[in-house]
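According to the working numbering, the sequence shown is numbered sequentially starting from 2. Don't be surprised by glycine CBs; every beta carbon is placed ideally from N, CA and C.
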Amino acid sequence: MIPVAANDVAFSIHAVILTAFTIVQVFIYERGSQKVSKIAWLITVAVWAFAAVCFFIALPKQSWLWCISMFNFIQVSMTAIKYIPQVIMNFRRKSTEGWSIGNILLDLLGGITNFGQMSIQSIDQRTLVNFYGNIGKTLLSLETVFFDLLFIIQHYVLYPARDTKSSEAAPFLRSAESSNTKLKANDDSMSHDV
């Protein structure tokens, strides 16, 4: 039996809602010249086809535990597919500039607390069923923590933010500084006229 707590169900519902919200945004908002790649479409079709095959194999025998295990396999695989390109891109660019570390830190917190929950339940129940009974959850938690730590190392250790020269500062900041200088000059000239 797969140990499933109420928070596992809540997390799954939360993930489905936010993923659906993100997918809707893909179709609503202007993308310019960006398009979904052929590889992404191929992976999407393959995953949905695999999920459908698993469902129809499980249906006659009512082997839903096996079907859920296959869906866990899909989730773990998709997580690796999601993270690996970003790791490679950061490595090739030798930079994480333009990429937010905030979501990674939250993701790491979620992975650690998830693993902590399974550990506490295992200690309380004096069994490791929380780890091997739901291998998908265990693998996903370990995979998330691994990639998040890798991203943190890339962001803070390997490719920390570079100092920009004042001439390379954002145009808004330069224009704000020059506006302040002009305002001060106008104030000085007005005080001399009085």
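Quick one: grab the DSSP three-state call for T128. coil
Contact check, V130 vs P4 under 8 Å by CB: the rounded distance? 6 Å
Simplified DSSP assignment, three categories, for E144: helix
Are the CB atoms of V54 and I75 nearer to each other than 7 Å? no
Between the stretch 79-97 and the stretch 112-131, are three or more C-beta pairs nearer than 8 Å? no
Only counting the same chain, and skipping five residues up and downstream in sequence, which positions put a Cβ closer than 6 Å to that of S96? Y160
For my contact list, S70 and G134 are in at a C-beta cut-off of 8 Å; report their separation, rounded to the angstrom. Wrong, their Cβ atoms sit about 11 Å apart, outside the cutoff.
Should V37 and L141 be called a contact, given that it needs their Cβ atoms to be closer than 7 Å? no
The alpha helix (DSSP H) that contains H15, what's its start and end? A7 to I29
Runs of 3 residues minimum, wholly inside the stretch 49-126: which ones carry the beta strand (DSSP E) assignment? none
Proximity of I105 and D149 at Cβ, strictly below 7 Å: yes
Local conformation of Q35 per DSSP, three classes: coil
Taking I24 as the reference, which of S34, A6, I40 and T45 has the closest Cα? T45
Which value, in whole angstroms, describes the spacing of the CA atoms of A16 and W67? 22 Å
C-beta contact flag for Q155 and N91 at 7 Å: yes
Using 10 angstroms around the beta-carbon of T139, count the other beta-carbons present and answer buried if the total reaches 16, otherwise exposed. buried
Using three-state DSSP, classify A41 as helix, strand or coil. helix
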